[in-house]
Amino acid sequence: MTITKRRFLGVALPSLALAASGVPAWGQNKLGNPAWKYDLVIGGGSATGNSRIFASAVGKVITDNVQGVRASGGVSPGYDAESAMHVHDGTMIGGVGTPLIIQNAIAGKPPFPAGGIDLKFWFSHNEIPLNLFARGETGFTKISQLKGATVALAPEGTSNYILSKIVFEANGVPMNSLKVRYMDTSKAIQQLQDGNIDALSYVRDYSGAILELTGARKVTLLQPTEESLPKIKQEIEWAGPAEWSLKDKYPDMNVPAPGLAFVSPEFMFLSGKLPNDLVYAMTRAVWEHVTVLQESSAVYKHVNLKDALKRVPIPPHPGALAYYKEQNVPNWEKYASLLPKG
């Protein structure tokens with residue numbers, strides 16, 4: 063079941079009554095309202111992926127701690143693009159997102175509706191590195207050396223592809239200078255291990271398949287040129303670069319100096335149409351019970367309130383921002399103009 067207009071009105075009326083009495087709905091000690099009758103679905107990617115596990119944990123925290131709300135993590139095999147479309151059609155209220163896709167959804171770029179989708183940032187929870195690897199036999203150590211190479215990429219239009227394209231071109235490697243092979247990440251890893259391709263470029267967290275790859279053959283993490291960094295920052299400010307975070311996980315990988323990798327933040331996004339008091343209650347519940355999220359998977363053990371507004375690619379939801387102001391979360395001042403009025 064999805065949110066209905068009746069339910070929006072059911073929330074708005076108590077909120078207005080509280081506002082009239084001078085007490086904002088998002089300032090109450092008890093979370094939610096017994097009169098609320100919300101059934102919320104949060105998009106979480108494939109049925110067995112970490113994102114679905116995380117979305118389900120978020121749903122459980124909300125269900126257990128916000129009166130009048132039942133929330134769950136839903137399956138969306140098309141990941142954030144599919145979740146965004148479900149927000150548009152009213153069957154989901156948000157999901158796990160990546161910057162490039164969600165920005166395109168808001169802007170109404172194909173395949174999204176021309177008028178765009180009203181989406182807001184909720185909180186950051188993960189930062190995934192761009193795995194830009196080459197076979198050691200190629201001798202490549204820099205991205206700029208890839209011209210003429212056979213490179214595995216995700217299909218055009220995906221966030222993986224768009225991020226890789228921006229990084230390649232900033233390093234002087236136009237896409238038409240590559241022999242591109244389109245495939246999923248798992249196949250690309252196997253193809254690199256078998257020596258059928260020279261390099262691959264995918265956003266991916268720690269993976270046993272990559273650990274096996276680095277044990278089977280020499281693999282190098284390709285480095286950007288210094289000149290490319292301001293170009294990339296101008297186009298995608300949130301992408302870093304950052305220090306390669308998986309050095310200890312892949313001890314056999316060759317990581318040339320300066321040991322950098324670009325990153326794609328994973329964040330939770332919400333429909334911009336959700337009422338402020340509902341989102342405030344959901345946000346407070348999440349952070350007061352963050353251990354449930356941290357324990358849902360080892361990938362999320364470092365999720366914390368201090369980093370909730372780290373690498374924000376779209377404007378935050380005002381209801382969430384009200385809580386971040388209360389808790390003095392770093393960077394909330396940057397979005398102070400978006401705070402609920404009154």
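Anchor point for the sequence shown: position 263 equals 325 in the working numbering, and the numbering is continuous, going up by one each time.
Backbone N, C-alpha and C define an ideal beta-carbon position, used for all residues, glycine too.
Treat the numbers as computed from the prediction; the structure is a model and nothing was measured.
Within the stretch 260 to 316, the complete alpha helix (DSSP H) segments of 4 residues or longer fall at 270 to 278 and 290 to 297, listed in chain order. Judged by their CB atoms, residue 204 and residue 285 are nearer to each other than the 8 Å cut-off.
Under DSSP, residue 396 takes part in no beta bridge, so it has no partner. The stretch 227 to 235 makes no contact with the stretch 273 to 281, as fewer than three CB pairs between them are under 8 Å.
The three-state reading of DSSP puts residue 98 in coil, since its state is none of H, G, I, E or B. Three or more beta-carbon pairs separated by less than 8 Å are not found between the stretch 319 to 334 and the stretch 239 to 248, which leaves the two stretches without contact. The Cβ atoms of residue 106 and residue 131 lie no closer than 8 Å to each other.
Residue pairing by DSSP places residue 244 opposite 215 in a beta bridge. In terms of Cβ geometry, residue 373 and residue 306 do not form a close pair [threshold 8 Å].
In this structure the stretch 357 to 375 lies against the stretch 108 to 115, because at least three pairs of beta carbons, one per stretch, are closer than 8 Å. By the criterion of a C-beta distance shorter than 7 Å, residue 227 is surrounded in its chain by 237, once the five residues flanking it on both sides are discounted. For the options 146, 164, 168 and 185, the alpha carbon positioned closest to that of residue 393 is the one of 185. Fewer than three pairs of CB atoms, one per stretch, sit closer than 8 Å, so the stretch 150 to 160 makes no contact with the stretch 308 to 321. A residue is called buried once 16 or more other Cβ atoms fall within 10 Å of its Cβ, and residue 338 is buried on that count.
Beta-bridge pairing by DSSP links residue 253 to no other residue. By the Cβ criterion, the stretch 378 to 393 is not in contact with the stretch 170 to 178, since fewer than three pairs of Cβ atoms, one from each stretch, lie closer than 8 Å.
Residue 161 sits buried, since 16 or more C-beta atoms from the chains shown fall within 10 Å of its C-beta. Non-local beta-carbon contacts of residue 217 in its own chain, meaning distances under 8 Å to residues more than five positions away in sequence, involve 223 and 244 in chain order. Between residue 142 and residue 163, the C-beta spacing is below 8 Å. Residue pairing by DSSP puts residue 129 in a beta bridge opposite 94.
Burial state of residue 108 is exposed, judged by a 10 Å Cβ sphere holding fewer than 16 other Cβ atoms. Where residue 190 is concerned, there is no enclosing alpha helix (DSSP H), although the beta strand (DSSP E) around it starts and stops at 181 to 197. Straight across, the Cα-Cα distance linking residue 180 with residue 169 is about 9 Å. With a cutoff of 8 Å on beta-carbon distance, residue 354 and residue 182 are scored as not near each other. Counting only residues of its own chain and dropping the five nearest sequence neighbours on each side, residue 250 has a CB closer than 6 Å to the CB of 214 and 262. Counting other Cβ atoms within 10 Å of its Cβ, residue 96 stays below 16 and is therefore classed as exposed. In the DSSP secondary-structure assignment, residue 323 is bridged to 304. In this structure, residue 348 and residue 120 form a Cβ contact; the two beta carbons are roughly 6 Å apart against a cut-off of 8 Å.
Residue pairing by DSSP places residue 104 opposite 135 and 156 in a beta bridge.
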